[in-house]
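J.: Quick one: the structure is below, questions incoming.
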Amino acid sequence: MIFDHHLKTGRRQEFVDITALVEADLKAASANEGLCVVFVTHTTAALTINENADPAVPQDMLSKLAQLVPENDNYRHLEGNSDAHILSTLIGCSLTIPVQQGKLVLGTWQGIFFVELDGPRQRCFKVKLLSG
Ligand code: ZN
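Under my numbering, think of the first position of the sequence shown as 1040, with each following residue one higher.
Written out as structure tokens, the structure reads:
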């Protein structure tokens, strides 16, 4: 079984904390031990794990990413969102998180983020639990 999630992002670029949504899938599936795979089915969005305690951390990441990959830089892609495509590839489109004793094995400060790179849009991501 694959869990489908839909979310509406509110800005062109933002980090959306989806940790609770993934944890809810774990509970619904009664998964005890194994792996949790989270996958995003978009070319201008990404997934990452990082600190979700201080909101300044994702803000700093977005501003540094915008410096590294500017929105406008004489790109060839006519849609005007090449920065989002590049950042999606750099950040990555899937995560694998260990599951132990019914819980995601995340560090104290780690949270799972859906990274919007060309919003606001209606988005989706998938969660698959592999037991064993
Ligand atoms: Zn494009």
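Every residue, glycine too, gets a C-beta built ideally from N, C-alpha and C.
#1: Nearest-angstrom Cα distance between S1127 and A1084?
#2: Is V1144 near F1042, with beta carbons less than 7 Å apart?
#3: How many Å lie between Q1106 and M1100 at the Cα?
#4: Using the Cα positions of P1159 and L1046, report the straight-line distance between them to the nearest angstrom.
#5: From the DSSP output, in three-state form, read off Q1139 for me.
#6: With distances taken Cα to Cα, identify the nearest neighbour of M1040 among D1056, A1070, E1053.
T.: In short:
#1: 5 Å
#2: no
#3: 10 Å
#4: 10 Å
#5: strand
#6: A1070
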